[in-house]
Amino acid sequence: MAGLRLCAFAIAGLAASVPADAASAEPASATGVARATVVTPLSAEAIDDLDFGMVAVSGASGRVVIAPMAGSAGFEGAAGPGCGNETGCPGAHPARFAVTGEAGRGYTVTVPASLRIPSPEGAVPLLVDQIVVKTMSRPAAGSQGALDSSGHDRFEVGGTLHLTATQPSARYRGDVPVIVTYF
Amino acid sequence: MAGSNRFLSATARRRRRNAAVAVLFSLGAVPLAADTPLVMVTTRALNFGTFAVMGTAVRQVGADGTVTGSGLMAVRGSVESPAEYVVTYSAKLPVVVLGLTFGSVAPITINGVTGKLDNFVTDLQGLPAIKPGESRTFVIPNCRQPTCSFTFRVGGRLTLNGGAGGGTFVFPLPLSVRLIAEQ
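Pasting the structure below:
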């Protein structure tokens, strides 16, 4: 009887621990990957500044509009060109930039919506607003462009200059921050 | 063997029975047979994303997907994720002890930029970190029958040194698991 009890206990114990068979439990391997894509940093080189040219204001306020990829300035209100075809007279043109980076990758240009250009004589600063960007690769996509197969593109920045009737005669100059990033 | 018991005294039989019971209790954790093989597959790569680097950059992706870093500028739409592995095994007991071995990961240099991986982390219970070449054990406490399948994630740190060149870095992440015991 004691032998029977031992036998039953042994069977129960074996069922709880299961016979060892290391050979049937082969190790399993899997090789995953770690991936990182490093893109060539973007660089933007200024080719031309945004220049509103020589402007004359006659007794009232006016505006000068420089559109990117347009070629010439538009004058509104009392503003008009300050010179004709004289040699040395500064011509109006948008800012022009060359972009270099990862071939085929898209980028976006960020500019301020408006800015103030300080007056050299303490007068009211000039307002430049409606600052717009147009890229050569995607002219209809606003501030977004795409680098070509060699990693190059160009974009232009225009804006609208507001002039008052009492604007002092001077050469005004300001900085337009331009940030170019991949998207 | 059973026949020889007839010649043992009652005391000797009791001693033998106690020894058998002691052996059975000591077998609480033993290597076990598997009805289906131990299988591990990778279901997601450890992805550090897409970014531009200037000089030296560090990016850590945690096992929970947390991303930290410095010295880089991520491209919009960059996707980061920890690697994901799925292990499948038919367990007979609810607690499974497995050994995890992590193979070595060599640095890679592309276009003058050298990438190195280290600081590997996991979300395995009791195994928050593991080094290349290291073997560690971990426990799966609720391995449900008939097939136990569980997922774990591996994160790591990528360090990039060198120039500003671009490229795609792909590091193999060799992992293997082996069954140690069921409890």
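Listed in order, the protein sequences are those of chains Z and A.
Using the working numbering, you'd call the opening residue of the first sequence number 5 and step up by one each time.
Using the working numbering, you'd call the opening residue of the second sequence number 10 and step up by one each time.
Beta carbons are placed, not taken as given, at the ideal position from N, Cα and C, and that holds for glycine.
request  = Work out the CA separation of A/I117 and A/F178 for me, nearest whole Å.
outcome  = Mapped onto the second sequence, residue 178 of chain A falls at position 169. Mapped onto the second sequence, residue 117 of chain A falls at position 108. So the alpha carbons of these two residues sit roughly 7 Å apart.
ask   = Taking three-plus beta-carbon pairs below 8 Å as touching, is the region 164-175 of chain A in contact with the region 108-125 of chain A?
value = yes
ask   = With a CB to CB cut of under 6 Å and the five nearest residues on each side skipped, what residues in its chain are close to A/G164?
value = For this step, residue 164 of chain A is matched to residue 155 along the second sequence. For A/G164, where only same-chain residues beyond five positions count, the Cβ hits under 6 Å are V70, G71, A72, P91 and V130.
query = Opposite A/G165 in the DSSP bridges: which residues?
reply = Along the second sequence, read from residue 1 onward, the residue named residue 165 of chain A stands at position 156. Paired residue(s): A/V70.
request  = Give the range of the beta strand (DSSP E) segment to which A/Y94 is assigned.
outcome  = Looking up residue 94 of chain A in the second sequence gives position 85. Counting along the chain, the beta strand (DSSP E) containing A/Y94 begins and ends at A92 to Y98.
ask   = Is there at least one Cβ from chain Z nearer than 7 Å to A/V84's Cβ?
value = Counting from 1 along the second sequence, the entry for residue 84 of chain A is found at position 75. Residue-level contact by beta carbon holds for A/V84 and chain Z, with a gap shorter than 7 Å.
Proximity of Z/M58 and Z/G88 at Cβ, strictly below 7 Å = By 1-based counting over the first sequence, the position of residue 58 of chain Z is 54. By 1-based counting over the first sequence, the position of residue 88 of chain Z is 84. It is not a contact, given that the beta carbons lie outside the stated cut-off.
Candidates Z/T104, Z/V137, Z/Q171 and Z/T170: closest to Z/S47 by CA position = Residue 47 of chain Z sits at position 43 when you count from the first residue of the first sequence. The candidate whose alpha carbon is nearest that of Z/S47 is Z/T104.
ask   = Using 7 Å as the limit for Cβ to Cβ distance, is Z/S154 near chain A?
value = Counted from its first residue, the first sequence places residue 154 of chain Z at position 150. Chain A contact via Cβ: absent.
task = Compare the beta carbon distance of A/E93 and A/N56 with 7 Å and say whether it is the shorter of the two.
result = Residue numbering aside, residue 93 of chain A sits at position 84 when the second sequence is read from its first letter. Residue numbering aside, residue 56 of chain A sits at position 47 when the second sequence is read from its first letter. Not a contact, by the Cβ cut-off of 7 Å.
A/L194 versus A/V106 - alpha carbon distance = Residue 194 of chain A is absent from the structure shown; chain A starts at 10 and stops at 192.
key: Amino acids of chain Z, ordered along the chain, whose beta-carbon sits closer than 9 Å to that of A/T65   = Your numbering for residue 65 of chain A matches position 56 in the second sequence. In chain order: nothing, as chain Z lies at least about 12 Å away.
task = Can you give me the Cβ contacts of Z/A26 inside the same chain, cut-off strictly under 7 Å, excluding the 5 residues immediately before and after it?
result = The residue given as residue 26 of chain Z occupies position 22 in the first sequence. Note that Z/A26 scores a pLDDT of 44, beneath 50, so its modelled location is shaky and nothing firm can be said.
query = Are the beta-carbon atoms belonging to Z/A83 and Z/V69 less than 7 Å from one another?
reply = As a first step, residue 83 of chain Z is located in the first sequence; it is residue number 79 there, counting from the start. As a first step, residue 69 of chain Z is located in the first sequence; it is residue number 65 there, counting from the start. Against a cut-off of 7 Å, the Cβ pair of Z/V69 and Z/A83 comes out as no contact.
request  = Tell me whether Z/I51 is buried or exposed, calling it buried when 16 or more other Cβ atoms sit within 10 Å of its Cβ.
outcome  = The sequence position of residue 51 of chain Z within the first sequence is 47, counting from 1. Exposed, by the Cβ-count rule.
task = Please work out which residues of its chain come closer than 6 Å, Cβ to Cβ, to Z/T168, disregarding the five sequence neighbours upstream and downstream, and give them in chain order.
result = Indexing the first sequence from 1 puts residue 168 of chain Z at position 164. For Z/T168, where only same-chain residues beyond five positions count, the Cβ hits under 6 Å are S65.
ask   = Quick one: is A/T52 buried, meaning 16 or more other Cβ sit within 10 Å of its Cβ, or exposed?
value = The count along the second sequence starts at 1 and reaches residue 52 of chain A at position 43. Per the 10 Å Cβ criterion, exposed.
query = Between the Cα of A/L109 and the Cα atoms of A/V62, A/P141, A/P150 and A/A66, which residue gives the shortest distance?
reply = Taking the second sequence and counting its residues from 1, one reaches residue 109 of chain A at position 100. The shortest Cα separation from A/L109 among A/V62, A/P141, A/P150 and A/A66 belongs to A/P141.
task = List in chain order: all unbroken beta strand (DSSP E) runs of 3+ residues lying wholly within the region 126-151 of chain Z.
result = 130-139 and 148-150
inquiry  = Could you pull the DSSP bridge partners for Z/V115 from this structure?
reply    = Taking the first residue of the first sequence as position 1, residue 115 of chain Z is located at position 111. Per DSSP, none; premise fails for Z/V115.
query = Along the chain, where does the beta strand (DSSP E) that runs through A/F111 open and close?
reply = Against the second sequence, residue 111 of chain A aligns to sequence position 102. Looking at the DSSP string, the run of the beta strand (DSSP E) that includes A/F111 is V105 to F111.
key: Coil, strand or helix - Z/V182 by DSSP   = Walking along the first sequence from the start, residue 182 of chain Z turns up at place 178. Reduced to three states, the DSSP call for Z/V182 is coil.
ask   = Within the 7 Å Cβ cut-off, does Z/S33 reach chain A?
value = Taking the first residue of the first sequence as 1, we reach residue 33 of chain Z at position 29. At least one chain A Cβ lies under 7 Å of Z/S33.
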